[in-house]
Amino acid sequence: MIALSLNNITKSFNGCTAVDQLSLEVPQGSIYGFIGPNGSGKTTTIRMIMNIFYPDSGDIQILNHPRNSIDNDRIGYLPEERGLYKKMKIRELLNFYGELKTGHRVSSEVDIWLQKLDLSEWGNKKVEALSKGMSQKVQFIATVVSNPELVILDEPFSGLDPVNTDTLLKAMLELQRNGATIIFSTHDMATAEKVCDYVFMIHKGKKVLDGTLNEIQDKYGNDTLRIRCENKTSGLKHIQGVENVHDFGRTQELRISPDIDPQDILKELMTTNILLSFELMKPSLHDIFVRIASAKEVNHV
509 MIALSLNNIT KSFNGCTAVD QLSLEVPQGS IYGFIGPNGS GKTTTIRMIM
559 NIFYPDSGDI QILNHPRNSI DNDRIGYLPE ERGLYKKMKI RELLNFYGEL
609 KTGHRVSSEV DIWLQKLDLS EWGNKKVEAL SKGMSQKVQF IATVVSNPEL
659 VILDEPFSGL DPVNTDTLLK AMLELQRNGA TIIFSTHDMA TAEKVCDYVF
709 MIHKGKKVLD GTLNEIQDKY GNDTLRIRCE NKTSGLKHIQ GVENVHDFGR
759 TQELRISPDI DPQDILKELM TTNILLSFEL MKPSLHDIFV RIASAKEVNH
809 V
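Numbering (the numbering used here), first residue to last: 509 to 809.
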């Protein structure tokens, strides 16, 4: 079953193509990550899915229905631009949003979600009293309290600390276990690696990656060396066969040429550095993202 299908959708603004003939299928019950540089077309794509923008061409199907005929109550949407009624009390606000979506009282569901996201003691406080992270969790509850079948989250982790990020991730995984399909956009590649069943990357309006993390990494092969040294590393960029170096302080990742023997690089490293670890690995999603976003030419898929 396919929860979302995009078929050659295109959207332009004032002669500039923001999304260019994009096709995509999101399996039902999956967590699908949308990634891409700023201005790549992620939010425009999400807004077309939500009927905020209409595509210039192509068509969209949601839950096996044309987009213009699907009941919006079956979709939960957390926009990038947050908005809550600051003078309302949190529990009243969430009940209001839930009743708008479902047509019936959702007070018990609201209390359950407040407890899950560690907000029970704040239920009778006004929204204006909340921190940014708490407000974000309240808006997440407003998005999902009606138990939608498709949940679309635009940058849900932006501005959250690690504890609140983990809390939100647990809530998303619970929604998936209960049958929901979740699409979220993010710049947090580590989070996308952890939870996404599929990852889609858009760059300059075109799809450049789409598949599981293993499928994406397999396209690049084992071309990355991760090393850690006791002393300050030196001369890494000048070693034959090393194409690029990412220095993360305590560790370094070296992208190597496909025709080079990693053992030769190891021998060279040991002449000037005291190695603590040396690992041949597939590139991380972060590294793949940087490679594509910084490349002058991109092969579209």
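From the three backbone atoms N, C-alpha and C, an ideal C-beta is built for every residue, glycine too.
Are the beta-carbon atoms of residue 696 and residue 665 separated by less than 8 Å?
Yes; because the gap between Cβ atoms is below 8 Å, this pair is in contact.
From residue 642 to residue 627, what does the alpha carbon distance come to, in whole angstroms?
Each residue's Cα considered, the two are about 8 Å apart.
Using CA atoms only, rank isn't needed, just tell me which of 734, 719 and 733 is closest to residue 727.
The shortest C-alpha separation from residue 727 is found at 719.
If residue 679 sits next to residue 657, beta carbons under 8 Å apart, how far is it from one beta carbon to the other, in whole angstroms?
16 Å between Cβ atoms; not a contact.
Residues in its own chain within less than 7 Å of residue 552 by CB, not counting five upstream and five downstream?
Around residue 552: 519, 526, 527 and 561.
At what residues does the alpha helix (DSSP H) containing residue 528 begin and finish?
Looking at the DSSP string, residue 528 is not in any alpha helix (DSSP H); the run it does join, the beta strand (DSSP E), is 524-535.
Are there 16 or more other CB atoms within 10 angstroms of the CB of residue 795, so buried, or fewer, so exposed?
By the 10 Å Cβ count, residue 795 comes out buried.
So the candidates are 524, 749, 536 and 542; which of them puts its Cα closest to the Cα of residue 710?
Out of 524, 749, 536 and 542, 542 has the C-alpha closest to the C-alpha of residue 710.
Buried or exposed: where does residue 805 fall if 16 or more other Cβ atoms within 10 Å of its Cβ makes it buried?
Residue placement at residue 805 is poorly supported in this model, since its pLDDT is 49, which falls under 50; the coordinates still yield a value, given next. Under this definition residue 805 is an exposed residue.
Tell me the rounded alpha-carbon separation between residue 584 and residue 785.
In a straight line, the C-alpha of residue 584 is about 45 Å away from that of residue 785.
Would residue 733 and residue 788 qualify as a contact pair, given that the criterion is a beta-carbon distance under 8 Å?
It is a contact, given that the beta carbons lie within the stated cut-off.
In the DSSP assignment, what are the bridge partners of residue 588?
Bridge partners of residue 588: none, in fact.
Per DSSP, what kind of secondary structure is residue 757 in: helix, strand or coil?
Of the three classes helix, strand and coil, the one that applies to residue 757 here is coil, per DSSP.
What did DSSP end up calling residue 547 once you bin it into helix, strand or coil?
Three-state result, residue 547: coil.
Per DSSP, which residues does residue 521 bridge with? Please list them.
BP columns for residue 521 point to 524.
Would you kindly report the start and end of the unbroken beta strand (DSSP E) that includes residue 710?
Per DSSP, residue 710 belongs to the beta strand (DSSP E) from 706-711.
Could you tell me which residues DSSP puts in a beta bridge with residue 694?
BP columns for residue 694 are empty, so no partner.
Taking only the alpha-carbon atoms, compute the straight-line gap between residue 512 and residue 539 and give it to the nearest angstrom.
So the alpha carbons of these two residues sit roughly 12 Å apart.
Taking only the alpha-carbon atoms, compute the straight-line gap between residue 537 and residue 659 and give it to the nearest angstrom.
The alpha-carbon atoms of residue 537 and residue 659 are separated by roughly 10 Å.
Could you tell me whether the region 593-613 touches the region 559-578, where touching means 3 or more Cβ pairs closer than 8 Å?
Too few Cβ pairs lie closer than 8 Å, so no.
For residue 600, does the three-state DSSP call read helix, strand or coil?
Three-state result, residue 600: helix.
Name the DSSP beta bridge partners of residue 540, please?
Residue 540 is bridged to 691 and 706.
So, under 8 Å CB-CB, residue 777 and residue 735 are touching, yes? Tell me the CB distance rounded to an integer number of Å.
Confirmed, about 7 Å.
Could you tell me which whole beta strand (DSSP E) segments of length 3 or greater appear in the region 642-681?
Counting only runs of 3 or more, we get 658-662.
For residue 779, does the count of other Cβ atoms within 10 angstroms reach 16, so buried, or fall short, so exposed?
When all chains shown are included, residue 779 counts as exposed.
Does the Cβ-Cβ distance between residue 648 and residue 744 come in under 8 Å?
Cβ distance not < 8 Å, so residue 648 and residue 744 don't count as in contact.
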